[in-house]
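Contents: one structure, followed by commentary.
There are 2 protein chains.
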Amino acid sequence: MQEAGIRQSLTSIIPKIEAIVGREHVTTAVEDLLCYAYDATNRHCRPDAVAFPANTDEVSDILRLANEHRFFVVPRGAGTGMTGGALAVQGGLVMVMTRFSRILTIDTDNLVAEVEPGVITGHFQEVVEGKGLFYPPDPSSASYCTLGGNVAECAGGPRAVKYGVTRDYVLGLEVVLPSGEIIRTGVRTAKGVVGYDLTRLMVGSEGTLGVITKIVLRLFPFPEVVRTLSVVFSRIQDAVRTVCEIIRSGVVPRTVEYMDQAAIRCVEDYLNLGLPVDAGAMLLIEVDGSLSAVETAISDLTDICKNCGAYQVHVASSAQEAKDLWRARQAISPALFRLGPDKINEDIVVPRNRIPDMVEWIDDLRKRTGLTIVTFGHAGDGNIHFNIMLDRRDREILEKAESAVEELFRQTIALGGTISGEHGVGITKAPYIGMEIGSAELALMKRIKAVFDPNGILNPGKIF
Amino acid sequence: MQEAGIRQSLTSIIPKIEAIVGREHVTTAVEDLLCYAYDATNRHCRPDAVAFPANTDEVSDILRLANEHRFFVVPRGAGTGMTGGALAVQGGLVMVMTRFSRILTIDTDNLVAEVEPGVITGHFQEVVEGKGLFYPPDPSSASYCTLGGNVAECAGGPRAVKYGVTRDYVLGLEVVLPSGEIIRTGVRTAKGVVGYDLTRLMVGSEGTLGVITKIVLRLFPFPEVVRTLSVVFSRIQDAVRTVCEIIRSGVVPRTVEYMDQAAIRCVEDYLNLGLPVDAGAMLLIEVDGSLSAVETAISDLTDICKNCGAYQVHVASSAQEAKDLWRARQAISPALFRLGPDKINEDIVVPRNRIPDMVEWIDDLRKRTGLTIVTFGHAGDGNIHFNIMLDRRDREILEKAESAVEELFRQTIALGGTISGEHGVGITKAPYIGMEIGSAELALMKRIKAVFDPNGILNPGKIF
Numbered sequence: 002m003q004e005a006g007i008r009q010s011l012t013s014i015i016p017k018i019e020a021i022v023g024r025e026h027v028t029t030a031v032e033d034l035l036c037y038a039y040d041a042t043n044r045h046c047r048p049d050a051v052a053f054p055a056n057t058d059e060v061s062d063i064l065r066l067a068n069e070h071r072f073f074v075v076p077r078g079a080g081t082g083m084t085g086g087a088l089a090v091q092g093g094l095v096m097v098m099t100r101f102s103r104i105l106t107i108d109t110d111n112l113v114a115e116v117e118p119g120v121i122t123g124h125f126q127e128v129v130e131g132k133g134l135f136y137p138p139d140p141s142s143a144s145y146c147t148l149g150g151n152v153a154e155c156a157g158g159p160r161a162v163k164y165g166v167t168r169d170y171v172l173g174l175e176v177v178l179p180s181g182e183i184i185r186t187g188v189r190t191a192k193g194v195v196g197y198d199l200t201r202l203m204v205g206s207e208g209t210l211g212v213i214t215k216i217v218l219r220l221f222p223f224p225e226v227v228r229t230l231s232v233v234f235s236r237i238q239d240a241v242r243t244v245c246e247i248i249r250s251g252v253v254p255r256t257v258e259y260m261d262q263a264a265i266r267c268v269e270d271y272l273n274l275g276l277p278v279d280a281g282a283m284l285l286i287e288v289d290g291s292l293s294a295v296e297t298a299i300s301d302l303t304d305i306c307k308n309c310g311a312y313q314v315h316v317a318s319s320a321q322e323a324k325d326l327w328r329a330r331q332a333i334s335p336a337l338f339r340l341g342p343d344k345i346n347e348d349i350v351v352p353r354n355r356i357p358d359m360v361e362w363i364d365d366l367r368k369r370t371g372l373t374i375v376t377f378g379h380a381g382d383g384n385i386h387f388n389i390m391l392d393r394r395d396r397e398i399l400e401k402a403e404s405a406v407e408e409l410f411r412q413t414i415a416l417g418g419t420i421s422g423e424h425g426v427g428i429t430k431a432p433y434i435g436m437e438i439g440s441a442e443l444a445l446m447k448r449i450k451a452v453f454d455p456n457g458i459l460n461p462g463k464i465f
Numbered sequence: 002m003q004e005a006g007i008r009q010s011l012t013s014i015i016p017k018i019e020a021i022v023g024r025e026h027v028t029t030a031v032e033d034l035l036c037y038a039y040d041a042t043n044r045h046c047r048p049d050a051v052a053f054p055a056n057t058d059e060v061s062d063i064l065r066l067a068n069e070h071r072f073f074v075v076p077r078g079a080g081t082g083m084t085g086g087a088l089a090v091q092g093g094l095v096m097v098m099t100r101f102s103r104i105l106t107i108d109t110d111n112l113v114a115e116v117e118p119g120v121i122t123g124h125f126q127e128v129v130e131g132k133g134l135f136y137p138p139d140p141s142s143a144s145y146c147t148l149g150g151n152v153a154e155c156a157g158g159p160r161a162v163k164y165g166v167t168r169d170y171v172l173g174l175e176v177v178l179p180s181g182e183i184i185r186t187g188v189r190t191a192k193g194v195v196g197y198d199l200t201r202l203m204v205g206s207e208g209t210l211g212v213i214t215k216i217v218l219r220l221f222p223f224p225e226v227v228r229t230l231s232v233v234f235s236r237i238q239d240a241v242r243t244v245c246e247i248i249r250s251g252v253v254p255r256t257v258e259y260m261d262q263a264a265i266r267c268v269e270d271y272l273n274l275g276l277p278v279d280a281g282a283m284l285l286i287e288v289d290g291s292l293s294a295v296e297t298a299i300s301d302l303t304d305i306c307k308n309c310g311a312y313q314v315h316v317a318s319s320a321q322e323a324k325d326l327w328r329a330r331q332a333i334s335p336a337l338f339r340l341g342p343d344k345i346n347e348d349i350v351v352p353r354n355r356i357p358d359m360v361e362w363i364d365d366l367r368k369r370t371g372l373t374i375v376t377f378g379h380a381g382d383g384n385i386h387f388n389i390m391l392d393r394r395d396r397e398i399l400e401k402a403e404s405a406v407e408e409l410f411r412q413t414i415a416l417g418g419t420i421s422g423e424h425g426v427g428i429t430k431a432p433y434i435g436m437e438i439g440s441a442e443l444a445l446m447k448r449i450k451a452v453f454d455p456n457g458i459l460n461p462g463k464i465f
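Structure (C-alpha cells):
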C-alpha cells in the first residue's frame, strides 16, 4: 500500500536531514541500512536512509521535512519488536531513537521517573533498584529493548500477572506528532483526568501516531522479598488447571510462567541445567512482598500445586538457583532455533480458565499437521506464546504453518481471546486484525490515524 | 457556544423518540425536566426532554435521530458528577441510562465482570463481594453513582493509593458512537494490544465521545483482612509530612485520607462521633492483605506516624468502629453545608511531596481572603479536595471565591500538579483547562472529538 504522493527516493533530501541532525548522524551506506533493516521478526526491509536525532526539536524538524517533501519516517528503538513495528516496509527514513538515552529524573519521594525513550529497560530497572525502587514491566528483551519501544508496543512480560503491563506505568509523555508539533500528555502526579487520554492512546499505537521523546513513569518501592518456585507436572493439563486454581484462590503471584515438554527439552539440550525432560510441563512461579506474606503465599501455592497433581514443587534456595530457573525460561526463544532455522511466533491470550482448552486444541493441531509446535508463556495472564519452528524455504511446510496460525487465531477468538497480548499487530498480524476488530472500529481507528497524520508519513503499512 | 444548525426545540421530534423507547419512557413534563436538570455541582440546566432507553439499539436509534434532526443528546447516569458533565447546558435531550441496570456476568474463574452502565457502583461491589471478589474503585458517591458515570469521568476514591482509579479496571466497552454506530473496544482477557486503545480514550471522556452501553471490568480477590487506623496530629504540617514518609517507606496502605481542622469540626458538629475537634488534622489510613502482612504494616505505620509527631494512633478494634470512622469521612461533603449554603468544590492533585507546600499556601490564602475554606481528601495520591463554603448571592464573596479558585489552579500547576484528579473538567473547570493543557494538545483533542461526533450532537459545551 503506497500512499499517494510519497516519494521513492530520499537522495535529494539527505542534505536537509544532515542539516538538522548533523552529517555524522545520517547514513545511507548500504552496510548501515542493512543494520536497521530488520527486527525480531527476522524480516528485512531496507530503508533509504537512517538518522539518529538527539533531541525533540530535531525529531520535530525531521517530521516537518517529511510532510513538506512527503517521505516516510519509521521510528525505531532497539529493533526487538516481534511484529515488525520498526520495519521500513515502504522504505523511507528510519529514525533511530537510541541517542535519547538519558534518565532525566528519579523522584524517590513521589515514585516517579522521567526518561528519554532510548533508555534500555533493564538498565533503567537496575538504576531505580539502586534507589530502592521497582519498575515492574519485564519483557524478555529487557536487557536490550528500549523504554520508548516498550511504550509504543505496550510491552508486557511475566510480572504482568500482578503488576500489569507498560500501559499501567506511563503517567505522561512528550510526543512529536507526525506534523512536527510537540505535545505533552498526561500528568506527573498519581492521578489526573483533564481532557482526553492522549497518553494511553499513544501507548500501544506502534509508532503510527507520533514519536515519543519523553516518558513519565510510575515506580513502586522495591519488594522486600522475592521467591521463585519451580513446579513439575507429568501432564500439561494438570499444569494449566493449576494456573486457574491459583488465580481463583486469591494468592497473587507476580509471575506464573509455563513451559511445555518441547520447550523444556529444547532448553535443556541448549543449556544443560538439569531440567526435568520427561515432565509434561513446568510452571515457574514467583511471589514477592513482605517476608511473612511471601512465606504464606509459598505454603498456599505448594498446597494448590500438589492438589492439582504436581509431582515436584521446589522453592529456589538461593538467588543463583532462582537466576538459573529464569535463565531457562529466557533461553526458550533462542533455544528453539535448534528445532528449525525459522520461527513463527504468535502471542495469543485467552481467558485464564480456557487455557486447558487451548492447550488441548494446540495438541490436536500438532498431531493433525505434524508441525513442530512449542508453547510457553505467561499462563497467569492466559497469554501463550505459540511457536512453529520450520524452514521457510520449504514452501509446503510454510503454507501449512501459515494456515495453522490462521486456525490458531480463529480458535483464540472463539474462546473469547485476543490475537495479541503484548507484541502488537505491526505487519505480521495486520492481515488478521479483522478477525478481532470490526469494520466500524477499524474505520474509527483509521480516522484517528488521519487526524494525527494527515499525510500518512509516519510508520506506514502497520496495524491496518 | 451554540453549534451551527442545532435546533432549539424538540417538540416535533418527541413522537419519533417515543417510537424508539416507548411513550412511557420519554417525558417533557416540567416536574420531570427539573429532576434531570441538576447534578452535584448544584447548577441547573433544564433539558427539553428526557428519555430512558433500555438497550443498545434504542441508544443507537436516538443518536441517529439526533444527527438527522440535529438535536443535542446528553447522557446521564445518577447525576452525581462534580463538574457538570451530565448537565444539558445547551438544552436538548437528556438520555438517562439507569434502565441499563443489569450485571450481565461475574466470571469468578477469570476475575472479570460484564455490566451495564446504569448499575450502581456500591451495589456491584456488594454483589461481587458475595462471590469473594473485590471491585476497588470507591468514589464517595458509591451508594448512588453508576458504573457508567464512573467510567465516563474516570472516578477515583480513597483506595486509589493502592488500587488505582476506574481506568485501571476497564478492560473493554460497548459504546454507541455519536453517529449511532455500535462499537466494541478492548478485550475480555487480562492483556491485549490490538489496534488503538479506544477503551482508555473513552474512559474519562465525560460523555462527549460516545454513550457507554456495556462495561467489562477487572476484579480482584477480596482481601483477607482490612484494618482502619485513625491518626491525630496537632499540626496539619506534621500530618501531610507523614503521608510522604509513608509512601517513601514502601508500605502501601490502600487509603491515606486526611481531614483538616475545619473538616473535623464540621463533621463532629453534624454527627457527634467524638472526633478530636482540637486536632490540627487527622489521617484515616486503611491497610489490607493477608493477616500477617496487615499486622506488619500497622506496626510500621504506627512507628512512622509517631515519629512524625502524631499524638494518637488508634487501630479500629471492630468493624463498627471502622465504619464510624469512614462515616465521618463520608459525611464531610454534606456536613460542610453547615458553613454556608453553597459550595465551590475543587479537586486538585500535586506531587505527594508538595502537599505540605500546598497546605501552607492554602492556609495563607484563607488568611488573605477571609474565605471559609475546608480541605480534605486523598492525601496518599496528593489529591486534595478544596472547598469554599459561601452564599452565592453575596456577589462580593462569590467574586473573591472565584478568584481564589483561579489562584489555586495556578499554584497547583506551579507545583507540578493537575487541576482535576478524579472529577473531570465538565463545565466548571472548562474555563481553566488552558492553564494545564497547551493549545496544540487542545486542538488535537478537538479534532478527535470531531472524528467521533462530526455534527457536535453529543454532550456539547463540556471540557473545552
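Taken in order, these protein sequences are the chains called A and B. Numbering-wise, my numbering comes out as the position in the first sequence, counting from 1, plus 1. Numbering-wise, my numbering comes out as the position in the second sequence, counting from 1, plus 1. Even glycine gets a Cβ: it sits at the ideal position worked out from N, Cα and C.
Which value, in whole angstroms, describes the spacing of the CA atoms of B:V314 and A:P138?
-> Counted from its first residue, the second sequence places residue 314 of chain B at position 313. Counted from its first residue, the first sequence places residue 138 of chain A at position 137. The straight-line gap from Cα to Cα measures roughly 36 Å.
Any C-beta of chain A under 8 Å from that of B:M2 = Within the second sequence, residue 2 of chain B is the residue found at index 1, counting from 1. Note that B:M2 has pLDDT 42, beneath the 50 cutoff, so the model's placement of it is unreliable and no number is given.
By Cβ distance, which residues of its chain are closer than 8 Å to A:M343, with the 5 residues on each side in sequence left out?
-> Your numbering for residue 343 of chain A matches position 342 in the first sequence. A quick correction: the sequence has Asp, not Met, at residue 343 of chain A. Closer than 8 Å at the Cβ level, and outside the excluded window around A:D343, lie N43, M390, L391, D392 and R393.
If we call anything under 8 Å between Cβ atoms a contact, is B:R1 one with B:R168?
-> This structure gives no information on residue 1 of chain B, because the portion of chain B shown stretches from 2 to 465.
Within chain A, partners of B:D382 - CB distance below 9 Å = Numbered from its first residue, the second sequence carries residue 382 of chain B at position 381. Ordered by position in chain A, the residues that pass the 9 Å Cβ test against B:D382 are T190, A191 and K192.
Around the Cβ of B:D110, are there at least 16 other Cβ atoms within 10 angstroms (buried) or fewer (exposed)?
-> By 1-based counting over the second sequence, the position of residue 110 of chain B is 109. With fewer than 16 Cβ atoms within 10 Å of its Cβ, B:D110 is classed as exposed.
Going by the beta-carbon positions, is the gap between A:A441 and B:I184 smaller than 8 Å?
-> Position 440 of the first sequence, counted from the start, is the residue given in the question as residue 441 of chain A. Position 183 of the second sequence, counted from the start, is the residue given in the question as residue 184 of chain B. In this structure, B:I184 lies closer than 8 Å to A:A441 by Cβ.
Would you mind reading off the limits of the alpha helix (DSSP H) that contains A:Y312?
-> Here residue 312 of chain A corresponds to residue number 311 of the first sequence, with the count starting at 1. No alpha helix (DSSP H) holds A:Y312; the beta strand (DSSP E) holding it covers A311 to V316.
Beta bridge counterpart(s) of B:S231 as assigned by DSSP | Start at 1 with the first residue of the second sequence, and residue 231 of chain B comes out as number 230. According to DSSP, which records beta bridges pairwise, B:S231 is partnered with B:L285 and B:H315.
Which residues DSSP lists as bridging B:A52, in chain order = The residue labelled residue 52 of chain B in the question sits at position 51 within the second sequence. Note: B:A52 sits in a beta bridge opposite B:V27 and B:M96.
CB contact flag (B:D358, B:S421, <8 Å) | Here residue 358 of chain B refers to the residue found at position 357 of the second sequence. Here residue 421 of chain B refers to the residue found at position 420 of the second sequence. Contact: no.
Proximity test, Cβ basis, 8 Å: B:E423 and chain A = Position 422 of the second sequence, counting from 1, holds the residue named residue 423 of chain B. Yes, because at least one Cβ of chain A sits closer than 8 Å to the Cβ of B:E423.
Using the beta-carbon count (16 or more within 10 Å), is B:Q3 buried or exposed?
-> Position 2 of the second sequence, counting from 1, holds the residue named residue 3 of chain B. Because the pLDDT of B:Q3 is 45, which lies under 50, any placement of that residue in the model is unreliable, and the number read from its coordinates should be weighed accordingly. Exposed, by the Cβ-count rule.
For B:D261, does the three-state DSSP call read helix, strand or coil?
-> As a working note, residue 261 of chain B is residue 260 in the second sequence. Strand at B:D261.
Kindly say whether A:T370, judged by its beta-carbon, lies nearer than 8 Å to any beta-carbon of chain B.
-> For the purposes of this step, residue 370 of chain A is identified with residue 369 of the first sequence, where counting begins at 1. It does not: the Cβ of A:T370 has no partner Cβ on chain B nearer than 8 Å.
Mapping DSSP to helix, strand and coil, what is B:G457?
-> Mapped onto the second sequence, residue 457 of chain B falls at position 456. Note: B:G457 maps to coil in three-state DSSP.
Could you please tell me which residues of the stretch 205-218 of chain B, in chain order, have their CB closer than 7 Å to any CB of chain A?
-> G205 and S206
Do we get a CB-CB distance below 8 Å when we pair B:I438 with the residues of chain A?
-> By 1-based counting over the second sequence, the position of residue 438 of chain B is 437. So yes, B:I438 belongs to the interface.
Quick one: residues in its chain with C-beta nearer than 8 Å to the C-beta of B:L272, no 5 flanking neighbours on either side, listed in chain order?
-> Counted from its first residue, the second sequence places residue 272 of chain B at position 271. Result list for B:L272: R328, A329, A332 and A336, in chain order.
Below 8 Å between beta carbons: does that hold for B:K401 and B:L372?
-> As a working mapping, residue 401 of chain B is identified with position 400 in the second sequence. As a working mapping, residue 372 of chain B is identified with position 371 in the second sequence. Yes, they are a contact pair.
Please list, in chain order, all residues of the same chain as A:E408 whose beta carbon is under 7 Å from its beta carbon, the five residues on each side excluded.
-> Here residue 408 of chain A refers to the residue found at position 407 of the first sequence. Answer for A:E408: L366, listed in chain order.
Report yes or no: is there a C-beta of chain A within less than 8 Å of the C-beta of B:L182?
-> Taking the first residue of the second sequence as 1, we reach residue 182 of chain B at position 181. Contrary to the premise, residue 182 of chain B reads as Glu rather than Leu in this sequence. True, the Cβ-Cβ gap to chain A drops below 8 Å.
Helix, strand or coil at A:D108 [DSSP, three-state] | By 1-based counting over the first sequence, the position of residue 108 of chain A is 107. Looking at A:D108 - three-state DSSP - the assignment turns out to be strand.
Determine whether the Cβ of B:R201 lies closer than 8 Å to any Cβ atom of chain A.
-> Residue mapping note: residue 201 of chain B aligns to position 200 of the second sequence, counting from 1. Yes, B:R201 counts as interfacial toward chain A.
Count the other C-beta atoms from every protein chain shown that fall within 10 angstroms of the C-beta of B:L459, then say buried if there are 16 or more, exposed otherwise.
-> Looking up residue 459 of chain B in the second sequence gives position 458. Its Cβ being crowded by 16 or more others within 10 Å, B:L459 is buried.
Using a beta-carbon distance below 8 Å, is B:Y170 in contact with chain A?
-> One-based indexing of the second sequence puts residue 170 of chain B at position 169. Judged by the 8 Å Cβ criterion, B:Y170 is not in contact with chain A.
Could you round the C-beta distance between A:P48 and A:L64 to whole angstroms and report it? I think they count as a contact, below 8 Å.
-> Along the first sequence, one-based indexing puts residue 48 of chain A at 47. Along the first sequence, one-based indexing puts residue 64 of chain A at 63. Rounded, the Cβ-Cβ distance is 16 Å, inconsistent with contact.
Compare the Cα-Cα distances from A:D382 to each of A:V253, A:V74, A:F53 and A:Q321 and report the closest residue.
-> Here residue 382 of chain A is taken as the residue at index 381 of the first sequence, counted from 1. Measuring from the Cα of A:D382, the nearest candidate turns out to be A:V253.
On the three-pair Cβ rule with 8 Å, is the stretch 229-236 of chain B touching the stretch 286-295 of chain B?
-> yes
For the stretch 110-122 of chain B, which residues have a CB atom closer than 8 Å to at least one CB atom of chain A, in sequence order?
-> D110, N111, L112 and V113
Top-ranked residue by Cα proximity to A:G133, from A:F223, A:G92 and A:R448 = To locate residue 133 of chain A, count along the first sequence from 1; it is residue 132. For the residues A:F223, A:G92 and A:R448, the minimum Cα distance to A:G133 belongs to A:F223.
Put B:P357 into one of helix, strand or coil per three-state DSSP.
-> To locate residue 357 of chain B, count along the second sequence from 1; it is residue 356. Three-state DSSP puts B:P357 in a helix.
Report yes or no: is there a C-beta of chain A within less than 8 Å of the C-beta of B:I286?
-> For the purposes of this step, residue 286 of chain B is taken as the residue at position 285 of the second sequence. With 8 Å as the cut-off, B:I286 does not count as an interface residue toward chain A.
A:P159 to A:S144 span [Cα, whole Å] | In the first sequence, counting from the first residue as 1, residue 159 of chain A sits at position 158. In the first sequence, counting from the first residue as 1, residue 144 of chain A sits at position 143. One C-alpha to the other measures close to 15 Å.
Assigned exposure category for B:N308 - 16 Cβ within 10 Å defines buried = Counted from its first residue, the second sequence places residue 308 of chain B at position 307. That one is exposed.
Residue burial classification, A:E397 (beta-carbon count within 10 angstroms, cutoff 16) | The residue labelled residue 397 of chain A in the question sits at position 396 within the first sequence. By the neighbour-count rule (16 or more Cβ atoms within 10 Å), A:E397 is not buried but exposed.
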